[in-house]
Amino acid sequence: MKQTAEKTVVAKIFTNDLTQSKLDAINHEYEAFQRYIRGDEEADLYSATKQCADAYVDTDNLRDDHDYPWFIRNDVFDVGVDVEQHDTDLTDWWLKLPVSQVWGGVNVPIQPHDEIPDEADVKDSKIVRVNGDYYAHLTVQQEVEVSEEYGGVIGVDFGVRWVATSVALPSRNTEFYGREIRRIRRHHHDLRTRLQEKGAYGTLQSVKVKEYRQVNDRLHKISRAIVEEAKECDALIVVGDLEGIQNQDLGAEMNRRLHSMPHHTLKTYIEYKAMFAGIAVKSVNEYMTSQTCWRCGEQEATTRKGQGQHLCHECGLDDNADKNGATNIAKKGLGKDIACPLSSLGAVCEPVLGPSGADQASATVCLRADLEAPASTKRTVR
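Be aware that the sequence shown starts at 7, since it is given in this note's numbering, and climbs by one per residue.
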């Protein structure tokens, strides 16, 4: 089935590699944009950029102490590899920015954080300035063929100890992702507290930016790994509905840890990377996925010890709690009652794709292996 995949590719602009005249032209355009959206109709701004500002900026709710993204129209800028064969050791990618002070715009070197496919179209985008550095947020769209049949399913559980745990069926290969994100969050939380006590608000902002970059880099790597596994396994990806996670009350400290984990961002990255790879993503309700034993389906006689261990007093299962949840999410993705033993799954299931899937269409999942075979011993910690 054909779908339009869309993602935002963030690309750092290497301003240190620019001539002073180019940098001055970019700074001038950015500042003129800020004046124009605040009512200065005489601001020296590229005409198409004025039209973008009128279309995208809500001028009724602007803050005086806040900069806003400089929007650029897709028909007046260009992005690609070796535009006009410019030479730099930094990158092969270039962006031609429309500016009022230079006829034809200025070419600047950029480093995209993610792939821009040759077949993709770059739509209206924006330029963001953070601590004096410029970043292009490029909106990329591409028509893709999303598979309707799969040889398996990967369930993804979002948690506190690990930002995500994935279990593949039928192999039951288990991957644990992102424990270091807790460390990064905890470190920067403590650092921000100390800086606030000292009143060092300038340093506080740079710390927030550093934390965001570190966490975001890991989220891209995690989502890429999950999608790559799905490609290798020919698997549908099933994720937990985040509404249930965010409504949990686990106590003040655990709630802080839970809500500090970037689950929504990770889910978004998984969805768009999967879409570009032609893989569907389905969201399921997480109700009872943690309490239910994945092996026998018992829901009452189970115990979760802390955040790490799941015990079933019915069949004797002693397993990792996040792995248990991810396995049940995979079962739900197949349209099965999680109270049924894993061995009862049929050979062919037709799960209806949720909001992340296309047009509520059906995708056929053919489980071609014995689901009660010994679980894979591979357990990758990322």
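Beta carbons: idealized from backbone N, C-alpha and C, even for Gly.
Quantities reported herein were computed from a predicted structural model and do not represent experimental measurements.
Backbone CA spacing between residue i and residue j [nearest angstrom]
i      : j      : result
SER153 : ASN179 : 22 Å
ASN80  : VAL128 : 7 Å
PRO361 : GLY322 : Caution applies to PRO361, whose pLDDT of 44 falls short of 50 and renders its modelled position unreliable; the model cannot decide the point.
LYS18  : PRO75  : 14 Å
LYS342 : GLY303 : 11 Å
LEU51  : TYR42  : 8 Å
ARG262 : GLY165 : The predicted position of ARG262 is uncertain, since its pLDDT is 48 and thus under 50; no value can be drawn from it.
GLU35  : THR209 : 27 Å
Beta-carbon proximity check, residue i vs residue j, cutoff 9 Å
i      : j      : result
ILE160 : CYS239 : yes
PHE77  : PHE39  : yes
VAL105 : ALA49  : no
ALA170 : ILE232 : yes
VAL16  : ALA142 : yes
PRO268 : ILE187 : yes
VAL114 : ALA332 : no
ALA286 : LEU242 : yes
LEU272 : SER229 : yes
GLN117 : PHE20  : yes
Sequence-distant residues of its chain with Cβ nearer than 6 Å to residue i (five each side left out)
i      : result
ARG310 : HIS316 and ALA327
ALA54  : ARG79 and VAL82
LYS337 : ILE344
GLY284 : VAL150, GLU151, VAL152 and SER153
From the options, residue whose alpha carbon lies closest to that of residue i
i      : options                          : result
ALA126 : GLU155, VAL150 and TRP99         : VAL150
HIS226 : ASP196, ALA206 and TYR183        : TYR183
ARG301 : ARG219, VAL290 and ASN330        : ASN330
LYS216 : ASP139, VAL85, ALA283 and THR10  : ASP139
HIS119 : LYS13, GLN305, ASP325 and CYS299 : LYS13
GLY110 : ILE116, GLN117 and LYS102        : LYS102
VAL245 : THR274, TYR218 and GLN107        : THR274
VAL146 : LEU29, VAL85 and ASP325          : VAL85
VAL404 : THR10, ALA11, ASP325 and PHE20   : The chain is shown from 7 up to 388; residue 404 falls before or after that span and cannot be answered.
ARG135 : LYS28, HIS72 and GLU320          : HIS72
Residues near residue i in its chain [Cβ-Cβ closer than 8 Å; skip 5 each side]
i      : result
VAL87  : ASP98, TRP99 and TRP100
LYS8   : GLU149, VAL150, GLU151 and VAL152
HIS270 : LEU248
TRP168 : PHE182, TYR183, GLY184, ARG185 and ASP328
beta-carbon residue i near the ligand FMN non-hydrogen atom, thresh 8 Å
i      : result
ARG301 : The ligand FMN is not among the ligands present in this structure, which contains no ligands whatsoever.
Cβ-based neighbour list, residue i, same chain, cut-off 7 Å, excluding 5 preceding and 5 following
i      : result
GLN305 : MET294, GLN297, THR298 and ALA345
ARG44  : LEU68
ILE190 : GLU217, GLN220 and VAL221
Checklist line | Sequence ranges, beta strand (DSSP E) only - wholly within the segment 130-183, length at least 3 | finding: 131-136, 139-151, 158-163, 170-175 and 180-183
Margin query: In chain order, what are the residue ranges of uninterrupted alpha helix (DSSP H) at least 4 long that sit wholly in the segment 286-341?
Written below: 327-339
Notebook entry, point to check: If you scan the segment 73-127 from start to end, which runs of the beta strand (DSSP E) of 3 or more residues do you find wholly inside it?
Noted result: 76-78, 84-87, 99-105 and 108-118
Check: If you scan the segment 202-249 from start to end, which runs of the beta strand (DSSP E) of 3 or more residues do you find wholly inside it?
Finding: 241-246
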